[in-house]
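Asks: The letter at position 138 of the sequence shown is residue 137 when you use numbering that gives the first Met the number 0, and the numbering goes up by one with no holes.
Here a beta-carbon is modelled for each residue, glycine too, at the ideal position from N, C-alpha and C.
What follows is a single structure, and I will ask about it in a moment.
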Amino acid sequence: MASAVAVLMIAAPAAAAGLPKAGTLVPGRSLGGVRLGESPSTIRAALGRFYGTCRSCARRTWYFTYRPFDKRGLAVEFERGRVSGVYTLWRPTGWHAPDKLRFGSTPLAVHLLVGATRTVTCGGYEALVRDGAHARTAYYLFAGRLWGFGLFRRGTPPCR
């Protein structure tokens, strides 16, 4: 019996790396399964090797999208060889936060479900930020609606 289990484990294909079809924000903890402090090799194992690199970003930033040249996906920033920030690109379909908070929600819905936030004005959009013990969670608003999520080290400016 033990050898049959071992054969099944060896024969089972590894889970395919890539963006989740419906990523989740866990405030202060993770976004799309990515956690602050993870290494580049951990990110490649989770999200795959298909990513673009931002040439004009202040930090090393990888863009993971669903298809080549698609605008929707996830950006992962690194400082000193570790994830320092992660945020959605555009509005990836199906992504959400707890309590059914989804893209397109109003700022009032964000405040009611998230609690007290501070508004940071960015170029052409706003970020509602909430700081935890070690992380800053950002809820991005564009044209008065929830447009994206971000997770950064505590106190990091959310504008990108």
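Among R66, R34, G51, which one has its Cα closest to the Cα of T60?
Replies: Indexing the sequence shown from 1 puts residue 60 at position 61. The shortest C-alpha separation from T60 is found at G51.
Asks: Quick one: which unbroken beta strand (DSSP E) runs of 3-plus residues sit fully inside the segment 54-141? Chain order, please.
Replies: Within the segment 54-141, the complete beta strand (DSSP E) runs of at least 3 residues are 59-64, 72-78, 81-88, 117-121, 124-130, 134-141.
Asks: Less than 6 Å between C-beta atoms, sequence neighbours within five positions excluded: which residues of the same chain meet that for D130?
Replies: By one-based count along the sequence shown, residue 130 stands at place 131. Here the set comprises R153.
Asks: Take H133 as the anchor and find which of T155, A126, F148 has the nearest alpha-carbon.
Replies: In the sequence shown, the residue the question calls residue 133 occupies position 134. The option with the nearest alpha carbon to H133 is T155.
Asks: Determine, using beta carbons only, whether R71 and S104 come nearer to each other than 8 Å.
Replies: Along the sequence shown, one-based indexing puts residue 71 at 72. Along the sequence shown, one-based indexing puts residue 104 at 105. No, they are not a contact pair.
Asks: Would you mind sorting P67 into buried or exposed? The rule is 16 or more other CB atoms within 10 Å of its CB.
Replies: Within the sequence shown, numbered from 1, the residue matching residue 67 stands at position 68. So P67 ends up on the exposed side.
Asks: Could you check the C-alpha separation between T120 and C158 for me, to the nearest Å?
Replies: Numbered from its first residue, the sequence shown carries residue 120 at position 121. Numbered from its first residue, the sequence shown carries residue 158 at position 159. One C-alpha to the other measures close to 8 Å.
Asks: Quick one: give me the first and last residue of the beta strand (DSSP E) that R144 is part of.
Replies: Here residue 144 refers to the residue found at position 145 of the sequence shown. R144 -> beta strand (DSSP E) spans 144-152.
Asks: At what residues does the alpha helix (DSSP H) containing T41 begin and finish?
Replies: The residue you call residue 41 lines up with position 42 of the sequence shown. Where T41 is concerned, the enclosing alpha helix (DSSP H) stretches over 39-46.
Asks: I'd like to confirm the pairing. Which residues does DSSP put opposite T155 in its beta bridges?
Replies: In the sequence shown, residue 155 corresponds to position 156, counting from 1. T155 is not bridged to any residue.
Asks: Considering only their Cβ atoms, is the gap separating G147 from Y86 smaller than 8 Å?
Replies: Your numbering for residue 86 matches position 87 in the sequence shown. Your numbering for residue 147 matches position 148 in the sequence shown. In contact: Y86 and G147 (Cβ atoms closer than 8 Å).
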